[in-house]
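Counted from 1, the sequence shown has number 13 at position 13 by this note's numbering; the numbering is strictly sequential.
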Amino acid sequence: MSGYLEGIIILICINSIAAMGVSLLTGFTGIFTLGHAGYMAIGAYTAAILTVRHHVPWLVAVLAAGTLAMVIAYLIGVPTLKLMGDYFAIASIGLGETIRLILENWQSFTRGARGFPGIANYTTLPVAAAFFLGMLILMRFLINGNYGRAFKACRDDFVAASLLGFKTAHYRVLSLAISGFYCGIAGGLMAGFLTYLQPIMFDMQKSTELTAV
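What follows is the structure, encoded as structure tokens:
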């Protein structure tokens, strides 16, 4: 297999993982978002900094990247998911851009617009494919289980789900957190594939691409 074709397949695997996260939030929970590139950025820079500066093993760094993105998504979701419909979508744009601008201006930590070089090429085709299959299986279990049914109930009729006893606010925030985890994992893998990062890689255009997928 040529290096070019291999690179395309790796990118498909990485972006598919991020798209799974967006699909959980938008498709299964009914919350439209345009800011999830921000969580990819958090994951990418977390994995890069942990491996390059602190020599953390790659697998641990990627899992830490997903976990940090999940925690930040949860903390963001608690206040912002009180917004409904298009209002949350507008807020998500601002949040995604805020994350990007923080990374761009925190030059002492991320090197800002100069870029973050020196990342080893950890994300090979077998690694990307293994992560893709693992995250796909995890998503299928999630969607077909009790949590999946709760997410769909929130999507189909938010008020009726509340009257039936579903903790709709909890499930909406949980959906955002899990989607952040998926995007954080994808970002960590992206760092190991590109071996160089710039905040502009995670702008609104990237968020729009993920939502379109």
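Quick reminder that beta carbons are idealized off the backbone N, C-alpha and C, glycines included. Small disclaimer: the values here were computed from a predicted structure and weren't measured.
- Taking the alpha carbon of F181 as the point to measure from, which residue in A69, S23, S2 has its own alpha carbon closest? Comparing Cα positions, the closest option is A69.
- Message: By the three-class DSSP mapping on this structure, what secondary structure does F166 have?
- Response: F166: coil per DSSP, three-state reduction.
- Query: Which residues mark the beginning and the end of the alpha helix (DSSP H) in which N105 is found?
  - Reply: Element bounds for N105: 86-105.
- CA-CA distance, A160 and V62? Spanning the two alpha carbons is a distance of roughly 39 Å.
- Query: According to the neighbour-count rule (16 or more other Cβ atoms, all chains shown, within 10 Å of its Cβ), is G7 buried or exposed?
  - Reply: Answer is exposed; the Cβ neighbour count stays below 16.
- Message: Contact criterion: CB-CB distance below 7 Å. Does T33 meet it with respect to chain B?
- Response: Chain labels in this structure do not include chain B; a single protein chain is all it has.
- Query: Under a three-way DSSP split, which group does F131 fall into?
  - Reply: Looking at F131 - three-state DSSP - the assignment turns out to be helix.
- Task: Count the CB pairs spanning the stretch 68-84 and the stretch 113-120 that are closer than 8 Å, and state whether there are at least three.
- Result: No: the two stretches stay apart, fewer than three of their Cβ pairs being nearer than 8 Å.
- Message: Which residue wins for smallest C-alpha separation from F109, given the options R53, C13, D203, I31?
- Response: Comparing Cα-Cα distances from F109 to each of R53, C13, D203, I31, the minimum goes to R53.
- Message: Can you look up F32 in the DSSP assignment and give me helix, strand or coil?
- Response: DSSP, read as helix, strand or coil, puts F32 in coil.
- In terms of DSSP beta bridges, what is L50 paired with? Looking at the DSSP assignment, L50 forms no beta bridge with any residue, so it has no partner.
- Message: Can you tell me where the alpha helix (DSSP H) holding T195 begins and where it ends?
- Response: From DSSP, T195 is part of no alpha helix (DSSP H); its letter is neither H nor E.
- If we call anything under 7 Å between Cβ atoms a contact, is A234 one with L197? There is simply no residue 234 to check, as the chain begins at 1 and stops at 213 in what is shown.
- Assigned exposure category for A130 - 16 Cβ within 10 Å defines buried: A130 sits exposed, since fewer than 16 C-beta atoms from the chains shown fall within 10 Å of its C-beta.
- Per-residue burial, R114 [other beta carbons within 10 Å of its own, 16 or more giving buried]: With fewer than 16 other Cβ atoms within 10 Å, it is exposed.
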